[in-house]
Structures are given as structure tokens and as C-alpha cells.
Amino acid sequence: MRVDVGRHALGVHAFVCRRPDENFEAVYRWLLEKNLRLYGVAFALDHHGDIYLDGRLPLSAVTPHELDRLLGSVLTYADESFNTILELGFATSIRKEWEWRNLRGESTKNLEAFRGWLER
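Quick note on numbering: the sequence shown equals residues 161 to 280 in our numbering.
Okay, structure coming up:
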């Protein structure tokens with residue numbers, strides 16, 4: 161995460177996830193709909209299609225409480241959104257990895273969050 165203090169505003173810029181492998185429209189639509197419910201930040205894309213959370217506060221509004229709230233928003237929204245972004249934008253890769261690990265008896269522990277839709 162990067163925090164920039166400019167002449168008039170404080171900005172936050174946090175990487176969330178690389179460009180989806182597939183289903184771009186659904187991922188980007190989901191992010192735009194989610195933006196309607198966020199405090200202080202919004203999902204954005206860079207020129208590669210990588211996903212970020214971006215926000216700005218006027219310097220006059222920066223207090224320890226507001227800075228904590230803004231940084232907490234970044235952490236919360238990135239964490240809450242990550243699995244959905246992966247499910248929508250990387251399902252084929254995740255499914256292949258799941259199948260490969262199961263065939264070889266490898267651990268699937270870090271894929272457990274996706275077990276429900278992987279086993280359907």
C-alpha cells in the first residue's frame with residue numbers, strides 16, 4: 161500500500177489482485193457494484209487491468225481517527241473481496257490446481273475456501 165501526502169489531499173493506493181484470467185466483465189461489474197457500498201475508497205484498474213483500491217481525503221479532514229478508518233477500509237474491503245474476485249476471475253486455474261493436487265494426494269488446505277464450488 162502506498163500513502164501519498166500532497167499539497168491538498170492524502171491519497172491511498174493499494175494493490176488487491178492482478179488482472180483476472182477470465183470473465184473480466186463479471187469481475188469488473190462486481191467491483192463497480194461493490195463501489196456503491198464502500199467508505200473512502202473505490203476499486204480501480206490500472207492500464208494492465210490489475211485491481212487496486214484507491215482513495216483520497218482532503219488534508220483538512222485527516223485526523224488519527226479518519227486515517228485509521230480509511231486504512232481499515234482498505235484492509236477490510238481487500239480481504240472481503242479477494243475470494244470473490246478469485247472465484248469470478250480465476251475459476252479455471254483454481255479448478256485445475258484443485259484437480260492436480262487431488263490426483264497427486266497433495267494438500268488442498270489453501271484452497272479450502274473454494275471447496276464448495278469446486279466439488280459441485
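Yeah, the Cβ is synthetic: ideal placement off N, Cα and C, and Gly gets one too. This one's a predicted model, so the numbers in the text were calculated from it and none came from an experiment.
| Check | Outcome |
| --- | --- |
| H173 - partner residues in DSSP beta bridges | R162 and D214 |
| Spatially closest choice to H208 from L271, R216, W190 and C177, by CA coordinates | C177 |
| Below-8 Å beta-carbon distance, L246 vs any chain B residue | In summary, chain B is missing from the structure at hand, where a single protein chain is found. |
| Contacting residues, own chain, Cβ-Cβ under 6 Å from E240 (five flanking each side not counted) | none |
| Three-state secondary structure (DSSP) of L231 | helix |
| Between the CA atoms of R167 and A273 - distance to the nearest angstrom | 43 Å |
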